[in-house]
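Residue numbers for the sequence shown follow our numbering, so the first one is 24 and each next one is one higher.
Where is the CB? At the ideal position from N, CA and C, for every residue including glycine.
All values derive from a computational prediction rather than experimental measurement.
Okay, so here's the structure we're looking at.
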Amino acid sequence: MSILDKVILFSSLSKEEKEKILSIAEERRFKPEEKIFNEGDEGDGFYIIKSGKVRISIFLPDVGEELLSLLREGNHFGEMAIIEDKPRSASAIADTETVCLYFNKEKFISLMKEDTIMENKILWEFIKEFSFRLRKTDKKLKEILLLIKTL
């Protein structure tokens with residue numbers, strides 16, 4: 024079983040398509056507390072966790088690290104870099120010894136342009152993932168607004 028079999032973004036791809044994706048991946052290793060990227064960095068690619076855990080956090084003045092998500096094997100992060108040319112919106116920090124597959128933005132986009140059927144499958148999964156995240160953010164915002172109104 025390939026690590027890509029555990030990744031929702033690639034769930035609709037064939038074995039051959041997953042092999043194409045893996046052909047452009049670079050394995051990267053991180054020690055506990057090692058920064059993978061910082062909030063504000065240029066987004067140059069995205070990651071899939073092969074093993075270990077990664078914290079996705081923002082840093083608040085006078086507060087410090089605020090954990091947004093703790094990711095595990097099969098989770099992906101940094102994928103917004105593929106969609107838009109904006110700085111990273113959060114930091115990624117290895118929580119434990121971690122091994123990731125890194126996908127360079129230019130190589131990934133080039134591969135997608137070579138196979139538009141595969142590209143459409145992946146884009147559809149991106150859309151579903153972003154919809155899920157937006158709903159989750161809306162729910163958190165509603166909870167915060169309700170809390171503020173009770174103060």
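A direct Cα-Cα distance of roughly 5 Å separates Y125 from E49.
Here the segment 43-57 makes no contact with the segment 85-95; the two share fewer than three CB pairs at distances below 8 Å. For D118 and I79, the gap between their C-alpha atoms comes out near 10 Å. Residue pairing by DSSP places K58 opposite I116 in a beta bridge.
Counting only residues of its own chain and dropping the five nearest sequence neighbours on each side, E142 has a CB closer than 8 Å to the CB of M135, K136. In the structure shown, the three-state DSSP call for R156 is helix.
Non-local beta-carbon contacts of K73 in its own chain, meaning distances under 7 Å to residues more than five positions away in sequence, involve I26, E96, V122, C123, L124 in chain order. About 4 Å separates the CB atoms of G101 and F69; that is less than 8 Å, so the two are in contact. Of all alpha-carbon atoms in R51, L146, I106, the one lying nearest the alpha-carbon of K128 is that of I106. In its chain, beyond the 5 residues on either side, C123, Y125 have a beta carbon closer than 6 Å to the beta carbon of R51. Residue state for N98 is assigned as coil, using DSSP reduced to three classes. Contact check for F60 against A115 passes: the beta carbons are separated by less than 9 Å.
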